[in-house]
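Right, one structure below, let's go through it.
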Amino acid sequence: MQDHRNPDKLNIIGVVTVGICGAVLVYVSIIALQAFYMNDTSAEHAQVGFTAQTDARNSLKASQLSNVGEYRRGAEASTFKVPVERAMELVVRDAMRDPANLIPGHPSTTSTILPVYGRP
1321 MQDHRNPDKL NIIGVVTVGI CGAVLVYVSI IALQAFYMND TSAEHAQVGF
1371 TAQTDARNSL KASQLSNVGE YRRGAEASTF KVPVERAMEL VVRDAMRDPA
1421 NLIPGHPSTT STILPVYGRP
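Residue numbers (my numbering): 1321 to 1440.
As structure tokens, this is what we get:
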């Protein structure tokens, strides 16, 4: 008795096609997940960076406000620092007396160059 079995007919082209398509699908899925993760975490990283900048800005602003907002003795023995609000009041008071005091230096009494016709 002879055994009559059907020979295996393996579709090589179909197996290779399905294998390549599966590999491409896995690769595309991994790339898509990485892109989603990077997009999702980039906003968080940016927020952390801005928070650090905000903290530095707030501490700098606080130190600057304390520097211009209080009475202190200057580095030299004969100088004193006054708050900005008080300094503005003093400038306005002095400007009401004599507005020429707003210009630093002495007022000009003569012209520096004599005017000549045709000279710019």
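For each residue, glycine too, the CB sits at the ideal point set by N, CA and C.
- Taking E1390 as reference, the option from D1375, E1396, R1406 and T1399 with the minimal CA-CA separation is R1406.
- In the displayed model, R1439 falls within coil according to three-state DSSP, outside both helix and strand.
- Residue pairing for R1392: DSSP places it in a beta bridge opposite K1401.
- Straight through space, the alpha carbons of V1344 and S1379 are spaced by roughly 52 Å.
- Secondary structure of P1424 (DSSP, three-state): coil.
- Pairing Q1354 with S1362, the inter-Cα distance amounts to about 12 Å.
- With contacts defined by Cβ atoms closer than 9 Å, R1413 and F1400 do not form a contacting pair.
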